[in-house]
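Notes for the one structure printed next.
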Amino acid sequence: MKKTALSIVILLAWAGLSPAQTWEAAVAGGYRTLKDSALREIYGNGFVVAPSLSLAMSKTLRVGAEYEFGYSKNAAIGMFEDPSTLKVRGGHLFVQYGERSGRFRPFIKTGVGIFAYQFDVRTPSQPTVNVSETDVSFFIGGGVRAFFTKRLFGTAELKYVALWVGSYDDKVDLGGIRLLLGVGYDF
């Protein structure tokens, strides 16, 4: 993971020297699943927002960063139906390969990142239980961008994020599939 992150940083630095350098800013939102079946049954799937910024290094290769937030679910848990909250958010550095010509431009991308998760349980007779940690994740995905004008585009993306969290004895997968739709600008 450290080697991948270092490689992306080196590619970003190298991209500054590229004559094909263009920036792309986008914001996407959509549906997010929880892979762990027990947590999915309690909290359910939800919606996320994911702004991103990327830099073209060649006609087909981009590197960038994206931040995902918005998943926050409340549910009653346990025998006494104690109120609880689960929040997941985080960011990725990614490499994207795709077409740079035509109205419809398919792409694939992969990346690594750091996600934070927070789990709170509020019980009336005891102090609130707070678990707030970060962990390394990776993702792989693909999609298509449809250009409305020379610079303005819509995007549709499907990706899988892996995020195993917890102690060595009891790990849960907070990762899952994302189906995102958004808009962006190539400048």
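In the working numbering, the protein residues as written are 3 to 189. Even glycine gets a Cβ: it sits at the ideal position worked out from N, Cα and C.
Query raised in the report: Thinking C-beta only, is Val65 closer than 8 angstroms to Val29?
Result: Start at 1 with the first residue of the sequence shown, and residue 29 comes out as number 27. Start at 1 with the first residue of the sequence shown, and residue 65 comes out as number 63. Against a cut-off of 8 angstroms, the Cβ pair of Val65 and Val29 comes out as no contact.
Query raised in the report: Three or more C-beta pairs closer than 8 angstroms, one from the region 176-189 and one from the region 25-40: is that the case here?
Result: yes
Query raised in the report: Around the C-beta of Leu160, are 16 or more other C-beta atoms found within 10 angstroms, so that it is buried, or is it exposed?
Result: Locating residue 160 in the sequence shown gives position 158, where the first residue counts as 1. Exposed is the call here.
Requested in this report: Specify the secondary structure class of Leu36 as computed by DSSP and reduced to three states.
Outcome: Mapped onto the sequence shown, residue 36 falls at position 34. Note: Leu36 maps to coil in three-state DSSP.
Report task. Could you name the residues that DSSP lists as bridge partners for Val147? Result -> The count along the sequence shown starts at 1 and reaches residue 147 at position 145. Reading off the sequence shown, one finds Arg at residue 147, where the question assumed Val. Bridge partners of Arg147: Arg107 and Thr157.
Query - Ser127 versus Pro85 - alpha carbon distance - result: On the sequence shown, position 125 is the one that residue 127 refers to. On the sequence shown, position 83 is the one that residue 85 refers to. Cα-Cα distance, rounded: 13 angstroms.
Report task. Take Gly72 as the anchor and find which of Thr87, Ser60 and Ser139 has the nearest alpha-carbon. Result -> The residue you call residue 72 lines up with position 70 of the sequence shown. Residue Thr87 is the option with its Cα nearest to Gly72.
**Report entry** Integer-rounded CB distance, given that Thr62 should sit under 8 angstroms from Arg102
**Finding:** Position 100 of the sequence shown, counting from 1, holds the residue named residue 102. Position 60 of the sequence shown, counting from 1, holds the residue named residue 62. About 6 angstroms separates the two Cβ atoms, so the contact holds.
Query - Three-state secondary structure (DSSP) of Leu41 - result: Working through the sequence shown from its first residue, we reach residue 41 at position 39. The answer is helix: DSSP assigns Leu41 an H, G or I state.
Query - Length of the line joining the Cα atoms of Leu198 and Val146 - result: Because the chain here runs from 3 to 189, residue 198 falls outside it and cannot be looked at.
Report task. Buried or exposed for Phe189, please, with buried defined as at least 16 other CB atoms from any protein chain shown within 10 angstroms of its CB. Result -> Within the sequence shown, numbered from 1, the residue matching residue 189 stands at position 187. Burial call: exposed.
Report task. Can you grab the Cα-Cα spacing for the pair Arg42 / Thr35, in whole Å? Result -> Taking the first residue of the sequence shown as position 1, residue 42 is located at position 40. Taking the first residue of the sequence shown as position 1, residue 35 is located at position 33. So the alpha carbons of these two residues sit roughly 8 angstroms apart.
Report task. Keeping to the same chain, check which residues put their C-beta closer than 6 angstroms to that of Ile179; ignore five residues upstream and five downstream. Result -> Taking the sequence shown and counting its residues from 1, one reaches residue 179 at position 177. Excluding sequence neighbours, Ile179 sits near Thr35 and Tyr162.
Query raised in the report: Hey, how far is the Cα of Ile79 from the Cα of Asp122?
Result: As a working note, residue 79 is residue 77 in the sequence shown. As a working note, residue 122 is residue 120 in the sequence shown. Taking the straight line joining both Cα atoms gives about 11 angstroms.
Report task. Please go through the same chain and pick out, in chain order, the residues whose beta-carbon is closer than 6 angstroms to the beta-carbon of Asn76, but skip the five residues on each side of it. Result -> Position 74 of the sequence shown holds residue 76. Once the five neighbours on either side are set aside, the close Cβ partners of Asn76 are Thr87.
Query raised in the report: Helix, strand or coil: which one does DSSP assign to Lys61?
Result: Along the sequence shown, one-based indexing puts residue 61 at 59. Correct three-state label for Lys61: coil.
Requested in this report: Only counting runs of 3 or more residues, tell me where the beta strand (DSSP E) segments fall wholly within the region 73-139, in order along the chain.
Outcome: 84-100 and 106-123
Report task. Give every residue of the same chain whose Cβ lies closer than 6 angstroms to the Cβ of Gly168, excluding the five residues on either side of it in the sequence, and list them in chain order. Result -> Start at 1 with the first residue of the sequence shown, and residue 168 comes out as number 166. Hits under 6 angstroms: Val174.
Query raised in the report: Mapping DSSP to helix, strand and coil, what is Gly178?
Result: Within the sequence shown, the letter at position 176 stands for residue 178. Strand.
**Report entry** Nearest candidate by alpha-carbon position, reference Val131, set Gln120, Ile110 and Ala164
**Finding:** Counting from one through the sequence shown, the residue named residue 131 turns up at place 129. Val131 has its Cα closest to that of Gln120, out of Gln120, Ile110 and Ala164.
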